[in-house]
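Report on one structure; see the data block that follows.
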Amino acid sequence: MIFSSDNWAGAHPAIAQSLVTHADGYASAYGTSELDRKVEKKLSDVFERDVAVFFVGTGTAANSLALASASRAGGVAFCHREAHVTADECGAPEFFTHGSRLKPVDGKHGKMDASRLEVEIRRYPLDNVHGGQPMAVTLTQATESGTVYSLDEIEAIAAVAKAHKLPLHMDGARFANALVSLDATPAEMTWKRGVDLVSFGGTKNGCWCAEALVLFDLSKAHEMHFLRKRSAQLFSKSRFVSAQFDAYLEGDLWLDLARNSNAMARRLADGIAASRTSRLGWPVDANEVFVILKSDVASKLREQGAVFYDWPVPHDLSGSLAANEGLYRLVTSFATKTDDVDRFVAAC
Numbered sequence: 124m125i126f127s128s129d130n131w132a133g134a135h136p137a138i139a140q141s142l143v144t145h146a147d148g149y150a151s152a153y154g155t156s157e158l159d160r161k162v163e164k165k166l167s168d169v170f171e172r173d174v175a176v177f178f179v180g181t182g183t184a185a186n187s188l189a190l191a192s193a194s195r196a197g198g199v200a201f202c203h204r205e206a207h208v209t210a211d212e213c214g215a216p217e218f219f220t221h222g223s224r225l226k227p228v229d230g231k232h233g234k235m236d237a238s239r240l241e242v243e244i245r246r247y248p249l250d251n252v253h254g255g256q257p258m259a260v261t262l263t264q265a266t267e268s269g270t271v272y273s274l275d276e277i278e279a280i281a282a283v284a285k286a287h288k289l290p291l292h293m294d295g296a297r298f299a300n301a302l303v304s305l306d307a308t309p310a311e312m313t314w315k316r317g318v319d320l321v322s323f324g325g326t327k328n329g330c331w332c333a334e335a336l337v338l339f340d341l342s343k344a345h346e347m348h349f350l351r352k353r354s355a356q357l358f359s360k361s362r363f364v365s366a367q368f369d370a371y372l373e374g375d376l377w378l379d380l381a382r383n384s385n386a387m388a389r390r391l392a393d394g395i396a397a398s399r400t401s402r403l404g405w406p407v408d409a410n411e412v413f414v415i416l417k418s419d420v421a422s423k424l425r426e427q428g429a430v431f432y433d434w435p436v437p438h439d440l441s442g443s444l445a446a447n448e449g450l451y452r453l454v455t456s457f458a459t460k461t462d463d464v465d466r467f468v469a470a471c
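Going by our numbering, the residue at position 195 of the sequence shown is 318; the numbering climbs one at a time, nothing skipped.
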């Protein structure tokens with residue numbers, strides 16, 4: 124009953140085998156091998172247009188480099204109040220951008236509200252040198268609350284960003300989970316709705332260690348080469364990141380793995396909703412389930428072997444829990460099995 128994080132799950136066998144297959148022999152370094160080029164072509168096919176692809180080791184690196192590419196003196200980037208970039212990246216975006224700031228934007232269940240985004244951007248008029256200048260908007264898909272922006276919601280945020288001439292970045296650490304939840308194509312969820320660059324995550328969905336920054340504006344690629352190198356994210360043996368993505372994208376494996384994660388989360392949510400000892404914090408869209416439990420119930424579940432995290436109550440739910448209740452996060456993965464879920468529900 125391991126529901127702590129999809130980062131706890133291992134690598135899918137096909138991805139592990141691809142690493143073994145490509146471990147033999149020689150290949151040119153620093154992203155210039157045939158395999159690197161093959162995966163870049165695959166991602167262009169996935170997104171239905173030519174894209175620039177930059178392999179990195181972590182999602183934090185991808186997000187930070189994305190914002191660094193938009194950096195301005197006194198820069199301000201806008202994100203949801205509980206977004207990963209502001210809550211869980213130890214100041215890396217600010218570090219990589221040499222002191223820019225992240226401005227929180229409110230919205231229910233982890234999603235920025237487009238109208239509130241407009242208000243926050245207007246707090247920084249370009250002629251006010253004291254306040255700084257807007258430089259980017261970043262949204263998380265799926266969000267830190269496990270919710271998913273609809274295509275219309277993405278488009279609404281993009282419209283605000285474009286009106287202020289700001290690039291829109293998507294943190295896609297759980298990109299595949301959001302995609303299968305919407306039953307959309309990668310193109311429909313990104314550039315067709317106004318997204319300019321994406322942190323395309325594979326690590327949480329069956330890869331060993333594979334993240335990529337995908338740029339839709341090819342004119343930005345030259346500068347990104349230097350930003351990546353300076354940030355120590357240019358791997359000499361990048362073919363081992365490519366080997367993971369090669370297997371990950373082959374035959375839509377990445378989507379199948381996300382479908383399992385989401386299906387297990389839905390099964391878990393249904394079981395919790397039917398329980399007399401627990402309730403859902405909010406509806407489940409992807410592979411994260413947020414549950415409200417009495418503290419003693421949470422302790423008993425852990426005594427029976429369940430692993431999950433305590434979670435801070437979001438601002439929009441502040442004051443809604445009883446004194447003896449807590450909010451907890453349960454995350455399913457490609458490796459979660461029906462029996463794992465059913466045992467937890469029975470324990471509830």
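Note that the Cβ used here is the ideal one computed from N, Cα and C, for glycine as well.
Computed from a prediction, not measured in an experiment: that's the story for all the values here.
In the DSSP assignment, T144 is bridged to no other residue. For the set P435, W434 and T181, the Cα lying nearest the Cα of R297 is the one of T181. Ranked by Cα distance from S418, the first of P406, D408, V407 and W434 is W434. A residue is called buried once 16 or more other Cβ atoms fall within 10 Å of its Cβ, and A446, having fewer, is exposed. Straight across, the Cα-Cα distance linking G222 with V252 is about 15 Å. Within the same chain, Cβ atoms closer than 7 Å to the Cβ of L158 are found at H145, A150, R362, S365, A366 and D369, the five residues on either side in sequence being excluded.
When the beta-carbon positions are compared, V260 and L291 come within less than 8 Å of each other. Secondary structure in the segment 343–418: the beta strand (DSSP E) runs of 3 residues or longer, each lying completely within the stretch, are 401–403 and 411–417 in chain order.
Residue burial annotation: D463 is buried, with at least 16 other C-beta atoms found within 10 angstroms of its C-beta. The beta-carbon distance between A265 and A409, rounded to whole angstroms, is 4 Å. This is short enough to meet the 8 Å contact definition. Around the Cβ of L249, a 10 Å sphere holds fewer than 16 other Cβ atoms; the residue is exposed. Where M293 is concerned, the enclosing beta strand (DSSP E) starts and stops at L291 to G295. The beta carbons of H203 and T263 sit about 7 Å from each other, so the pair counts as a contact at 8 Å. Residue burial is scored here from C-beta neighbours: Y432 has fewer than 16 other C-beta atoms within 10 angstroms and is therefore classed as exposed. Assigned with DSSP and collapsed to three states, L444 falls in coil, not helix or strand. DSSP places V162 outside any beta strand (DSSP E); the residue lies instead in the alpha helix (DSSP H), whose first and last residues are E157 to F170. When the Cα atoms are used, V162 and F170 turn out to be separated by approximately 12 Å. Closest in alpha carbon position to L320, among R390, D340, A184 and S141, is D340. If you look at L338, you'll find it in the beta strand (DSSP E) that goes E334 to L338.
With three or more CB-CB distances shorter than 8 Å, the segment 233–241 counts as touching the segment 271–291. Contact between K327 and N130 holds, with the beta-carbon distance rounding to 6 Å and staying under 8 Å.
G198 has Q256 as its beta-bridge partners, per DSSP.
Beta-bridge partners assigned by DSSP to T263: D294. A Cβ-Cβ contact shorter than 8 Å links I395 with V412. Inclusion of F178 and G154 in the CB contact set at 8 Å is warranted, their separation being smaller than that value. Separation of the CB atoms of E334 and G324 is rounded to 6 Å, and the pair is thereby assigned contact status at 8 Å. Rounded to whole angstroms, the gap between the alpha carbons of A193 and R172 is 22 Å.
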